[in-house]
Amino acid sequence: MKEERKRLRLNQTDFAALAGVQISAQTNYENDKRQPDAKYLAAIAEAGADVGYITTGVRKGEEHTTPAAQLLRMKVLASLLADELHKRETGLSEVGFHELLDELWPEWSADATPEPAALRGRIAHALSARGVK
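Using my numbering, the first residue of the sequence shown is number 48, and each one after it goes up by one.
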């Protein structure tokens, strides 16, 4: 909370006023002695505070970079790759599978809004480049 207040270049008194609370409440929120209510969060959001960041620790637009999100993406990538290999009835080794994951991962993990259809196309291209029909 304090980080967001400072990002907005407001002191505690001004931040408390725009949120409609006393300075003591603001201090308690910033020191984790009390939790703000929805009305307070709505007021500071209207003033430009990133309430998602305050409540989750993840800034808007960076959701895809959390460890849990990255793990989920890796599972999706591995599943799509395994499905494609199964459809093609390839005898690709485990090492080959992991090499493909390593090749595809950087692009997939960096994309803020990845589309599975686009990834399937990328998988098909990578397999064709390796001569897998």
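Backbone N, C-alpha and C define an ideal beta-carbon position, used for all residues, glycine too.
Compare the Cα-Cα distances from L118 to each of A64, W155 and E141 and report the closest residue.
Among A64, W155 and E141, the Cα nearest to that of L118 belongs to W155.
From this set, N75, I170 and M48, which residue's C-alpha is nearest Q126's C-alpha?
The question names Gln, but residue 126 in the sequence shown is Ser. Looking at the Cα atoms, I170 is the closest of the given residues.
Let's test the definition: count the other Cβ atoms within 10 Å of the Cβ of R135 and tell me whether it reaches 16, buried, or not, exposed.
Exposed, because fewer than 16 other Cβ atoms sit within 10 Å of the Cβ of R135.
What do you reckon, are the CB atoms on Y100 and E51 nearer than 8 Å?
Cβ distance < 8 Å, so Y100 and E51 count as in contact.
Looking at L124 and L6, is the spacing between their C-beta atoms short of 8 Å?
Here the chain has residues from 48 to 180 only, and residue 6 is not among them.
N75 lies in the alpha helix (DSSP H); which residues open and close that run?
Unbroken alpha helix (DSSP H) run through N75: I70 to E77.
Rounded straight-line distance, which links the Cα of L148 to that of G178
If you take the alpha carbons of G178 and L148, they lie about 16 Å apart.
By the DSSP assignment, the alpha helix (DSSP H) with E51 in it spans what residues?
Under the DSSP assignment, E51 falls in the alpha helix (DSSP H) whose first and last residues are K49 to R54.
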